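*Asks:* Numbering (our numbering), first residue to last: 70 to 171.
Quick one: the structure is below, questions incoming.
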C-alpha cells in the first residue's frame with residue numbers, strides 16, 4: 070500500500086526475529102495486510118507492517134513504540150518510501166577550485 074499512514078516500520082527487533090514472530094507480536098492489534106521482516110547488512114533487524122486503516126496503525130504506534138522485546142527496545146514509525154523521505158544531508162565534491170583563504 071502506498072499510503073504511509075497505513076504502513077509501519079518496526080526498528081531494532083531482536084536477532085532471528087522472523088515473520089511468524091512479528092505477526093504473533095502484533096496479531097491482536099487488528100487486521101494486518103502484510104508482514105515483512107528484513108535483515109539489513111548491518112545486522113539490524115526491522116519489520117514492515119501494513120494495516121487496513123490509519124487509526125489502527127496509529128494505535129499500534131502509541132501502544133508498542135518503546136516496548137522491550139527480549140533485549141531490544143523497539144521503535145515504530147510510519148514507513149515512507151525512499152523518495153518521500155526528507156533528505157538531511159547533501160554532499161558536494163568540488164575538484165580543482167582555486168581560492169585564497171583570508
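Cβ coordinates follow ideal geometry from the N, Cα and C atoms, glycine included.
These numbers were taken from a predicted model, which means no experiment stands behind them.
Please report the distance separating the alpha-carbon of residue 53 from that of residue 120.
*Replies:* Nothing about residue 53 can be reported from this structure: the residues present for the chain run from 70 to 171 only.
*Asks:* Exposed or buried, what is residue 75 when buried is set at 16 or more other beta-carbons lying within 10 Å of its beta-carbon?
*Replies:* The residue is buried, with at least 16 neighbouring Cβ atoms inside 10 Å.
*Asks:* Helix, strand or coil: which one does DSSP assign to residue 77?
*Replies:* Strand, per DSSP.
*Asks:* Do you know offhand how far residue 82's Cα is from residue 127's?
*Replies:* Spanning the two alpha carbons is a distance of roughly 19 Å.
*Asks:* For residue 116, is the classification buried or exposed, using 16 other Cβ atoms within 10 angstroms of its Cβ as the cut-off for buried?
*Replies:* It is buried - the Cβ of residue 116 has at least 16 other Cβ atoms within 10 Å.
*Asks:* Under 8 Å Cβ to Cβ from residue 142, same chain only, skipping five residues before and after it: list those, please.
*Replies:* Correct list, in chain order: 81, 135, 136.
*Asks:* Using 10 angstroms around the beta-carbon of residue 148, count the other beta-carbons present and answer buried if the total reaches 16, otherwise exposed.
*Replies:* That one is buried.
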